[in-house]
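Report on the following structure.
Chains as they are written, first to last, in this note's numbering: chain A, 1 to 76; chain B, 1001 to 1683.
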C-alpha cells in the first residue's frame, strides 16, 4: 500500500513538473521563434531562454527518483 | 591562448601617388582590420575610390547582365583561370559574348513573347469552339449587332419573350452565348443579357471554324517551342564554353572593385591619405616590413598603442597614458583556437563573439562538452556509432554547421565509448558481465549459484558464456549514486566558471572588482555544496562511508563560507545578489540531468532489448525477424534521440549554467582585408 502511494507520488512529481516546464517553455519558445523570425542571429539567445525552465522538470525527476529508490523499504 | 590575440592600433600615412600599391600590400598581409574614417578630423576629407573602380564596376555590371542572360550559376568544379589571362582576354571575350549571348537571349525572348501571344489567342478561341459558328460570321454586319461572351444564367427564355428579330446560340453547358440582334432592339437585348450576368468577350479575328483555328495555333506553338529549345541549346553551348572564364572574371573584377573602394574608409588631403586600423600585435612588424620593402619612404606606419585588456581604471590606479579612449574604443576580437577547438567556436558564436578582453569560452567548451555528451550516452555501441558518424561527417561535410556537429559526435563518441567501457561496462544498454537482481527470499550467494549467467539480460546471458563484469556502475541500479556524482561534477564545472570569471574581471577591472563580483559567489557555491552534503547525510542517506573528513561540521563550514560570501556579493552587486542565491541551487541540481538522461536512455534500451530478446526471439520462426527489426529500429531511435537530447542538454549546461558565470560576449569579429580567390589564380 505504502509502496503504491510512493509510486503514485513519484509519478506525480515527474508528470506535474513536466507539465509545469512545458507551460513555461511554450510561451518562451513562441516568443523566441518570433524573435528569430526577425533576426536569425538570436537563435543562441532564444535557445538559452527556452531551455531555462527545463530545470523544473529535472527537479521533479530528482524528487521522483529519490521517492522511487525509497520504495524498497516499504515493499511488501 | 585563452584570451583573444593582442591587438595594436596603427596609423598608416602615405602619399596618394602610392595609394594603389599600399592597398595591394594591405590586402596581401591579411592582418589589417581597417577602422572607418570619421569625418570629424579637421583638414581631412573622406577618400574617393581609385579611378579603376568605376571602370571595373561598369564591366562588372555588364558581366553580371551577361551572366543573367546565360542563366549562369556558380559552378562547383575547381577549375581556375589565371589573372593574366583575364587581363588579356576580358575585353575581347566580353565583346564576343555580348554579341552572341545578347543575340541568342534576344531571340529566345522574342520567341517566348510570340508563344505567349499565341497562348493568349488560344485561350480566347476556346469558348468560341463551343458554338457552331465560323469566326468570320461574327463581324461585318450593317443592320445587326453581335454580342458574344459568358453568362451566368441562360437568357434564352427572356429573349424569346421580348425580342422579335434575333438569332441566338448557346453552348451546351449554357455558359457561353452569341446573340445576333437587329439594331432597333439593341437596348432591350443588352438589358436582358446584363441581367443574366453577361460579360462581353469579342470574337477574335480569323476565318473558318474555331476548332480549326485552335488546331492551327497549337501547331504554331509547338513549332515555336522547338525554336525556343534551339535558342536555349545555343545559350547552353555558350554557357558551357565561357562559364569558367566568366565566373573567374566576375571574381577578379569584384576583387578590383573591393580594393579600389578601400579609400572610402580612409581620410585624405590633397596629396596624402591616412588610415586607422587594428592589427594583431605580432603582425605589426611584418606589415611594417612589407610596406617598407614595397612602398619605401612614401608610406609611414605609426604604432599608436597595443590595446590593454583593462577597460576600467580606478581613480587611485590611474597612470600616465591611461586615457578615456581605453573605455570608448574596443578592438575587434581575433580568436586563435587550435584546429580542433576551432570547430567548436561555432557553438560559442551562436551566442555571441567574445569581447577583446575576456577568455574565449570555446576552450573550455571543447573539453567539457564531449565529456558531458559521453557521460550522458555512456555506452560502447552508441559511442562507436557516434565516432564512425563523426568521422564520416568530417570527411564528407563542407559547411561549418555540419562539421561542428560531426566534431561534436566524434569526440563525444570517444568519451561515450570510454565511459561505456570503464564506468558502465555496457553496450546496447546491456552489461557485459552477468547481472543478478534480488528475488524474494533467496540470498545473493544462492542466486549466483543458481544462475551462473545472471538472472537478468546481459551479454553474458545472451552469448551463453560469462564475460568479465567491467564497469563500476549501472545506470538503472545506481541512480542515487549517479545523481550524487553529477552534483560533484556540477559544482566543479560551476567553480571553474567562477574561477574564469575572476580571471576575466581581474583583467578587465582589477582585483578589487573581481573579488566583490566573483569571489563572493564562489564562496557561496562551495558553502552551499557543503551544506547540501551535510543534509544528504542526515536526511537522505548516510554518506560517511565515502570518507568525507569532518562531515559533521560541514553545516558550520558551509555557513561560514556562505554568509561572508553573500555579504561580499551584496556589496559588489547590491540586493539582487540575495534574490539570485536560489539560482545557485538550481544551477547545481541542473547537472543531475547528466545522470537522468543516461538513465532514460538505459530505460528505453532495456525495454527494446526485453521485447526483442526475451519476448519475441524465443518464439522462433518469423518472430526472429521481428525481434531483429525491433532491436534495430529501437536502438536507432535511441541513437537519434541521444544526439538530440545528450547534445542539446550538454550545450545547455554550458550556455545557461557555465557561461553565465564568466562570459559576457558582444565583441566584434576581427575581419582583416583579404582576398579569397576561388576561381582565379595569380601568376
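Beta carbons are placed, not taken as given, at the ideal position from N, Cα and C, and that holds for glycine.
Your pair residue 1011(B) and residue 1267(B) does not check out as a contact, with CB atoms roughly 10 Å apart and the cut at 8 Å. With the criterion set as a beta carbon lying under 7 Å from some beta carbon of chain A, the members of the region 1644–1671 of chain B are 1652, 1655 and 1656, in sequence order. Of the residues assessed, residue 1430(B) falls on the buried side of the cut-off, its CB having 16 or more other CB atoms within 10 angstroms. For residue 1(A), the three-state secondary structure derived from DSSP is coil.
In the three-state reduction of the DSSP assignment, residue 1679(B) falls in the coil class.
The beta carbons of residue 1166(B) and residue 1182(B) sit closer together than 8 Å. The CB of residue 1593(B) comes closer than 7 Å to the CB of 58 in chain A, given here in chain order. Burial is judged here by how many other beta carbons sit within 10 angstroms of a residue's own beta carbon; residue 1367(B) has fewer than 16 and is exposed. One Cα belongs to residue 1455(B), the other to residue 1554(B), and the distance between them is close to 42 Å. In this structure, DSSP gives residue 1072(B) a state outside helix and strand, which the three-state scheme calls coil. The C-alpha of residue 1300(B) lies about 45 Å from the C-alpha of residue 1394(B). Around the beta carbon of residue 1276(B), 16 or more other beta carbons sit within 10 angstroms, so the residue counts as buried. Counting along the chain, residue 1303(B) sits inside the beta strand (DSSP E) bounded by residues 1299–1306.
Here residue 1373(B) has 1412, 1646 and 1650 as same chain residues with Cβ atoms under 6 Å from its own Cβ, once five neighbours each way along the sequence are excluded. Pairing residue 1254(B) with residue 1079(B) gives a Cβ-Cβ distance that is not under 8 Å. Residues of the region 1533–1553 of chain B with a Cβ closer than 8 Å to any Cβ of chain A, in chain order: 1540. Interface with chain A (8 Å Cβ-Cβ cutoff): residue 1589(B) is included. Separation of residue 1402(B) and residue 1673(B) (C-alpha to C-alpha, rounded to the nearest whole angstrom) is 27 Å. DSSP places residue 1364(B) in the helix class (H, G or I) of the three-state scheme.
Around the beta-carbon of residue 1132(B), fewer than 16 other beta-carbon atoms lie within 10 Å, marking it exposed. With respect to the 8 Å criterion, residue 1034(B) and residue 1260(B) are not classified as neighbours on the basis of their beta carbons. Around the beta carbon of residue 1511(B), a 10 Å sphere encloses fewer than 16 other beta carbons of the protein chains shown; the residue is thus reported as exposed. Residue state for residue 1152(B) is assigned as coil, using DSSP reduced to three classes. Residue 1278(B) is bridged by DSSP to 1009(B) and 1033(B). Contact annotation for residue 1035(B) against chain A: no contact, minimum CB-CB distance about 23 Å [criterion: below 7 Å]. At a Cβ-Cβ threshold of 8 Å, residue 1467(B) and residue 1475(B) do not count as neighbours.
Apart from the 5 residues on each side of it in sequence, residue 1220(B) sits with its Cβ closer than 8 Å to the Cβ of 1118 in its chain, given in chain order. Close partners of residue 26(A) in chain B (Cβ separation under 7 Å) are lacking, with about 17 Å as the shortest Cβ gap.
For residue 1489(B), there are no neighbours in chain A by C-beta distance under 9 Å, as the nearest C-beta there is about 14 Å away. Under the 8 Å criterion on CB atoms, residue 1480(B) is classed as interfacial with respect to chain A. In this structure, DSSP gives residue 1311(B) a state outside helix and strand, which the three-state scheme calls coil. In the DSSP annotation of this structure, the continuous segment of the beta strand (DSSP E) that includes residue 1179(B) starts and ends at 1176–1182. Secondary structure in the region 19–75 of chain A: the alpha helix (DSSP H) runs of 4 residues or longer, each lying completely within the stretch, are 43–51 and 54–70 in chain order. Taking the C-beta atoms as reference points, residue 1461(B) is found nearer than 8 Å to residue 1434(B). Chain order gives the chain B residues near residue 61(A) as 1596, where near means a beta carbon separation below 7 Å. Using beta-carbon distances, residue 1528(B) does not count as an interface residue toward chain A, since no partner is under 8 Å.
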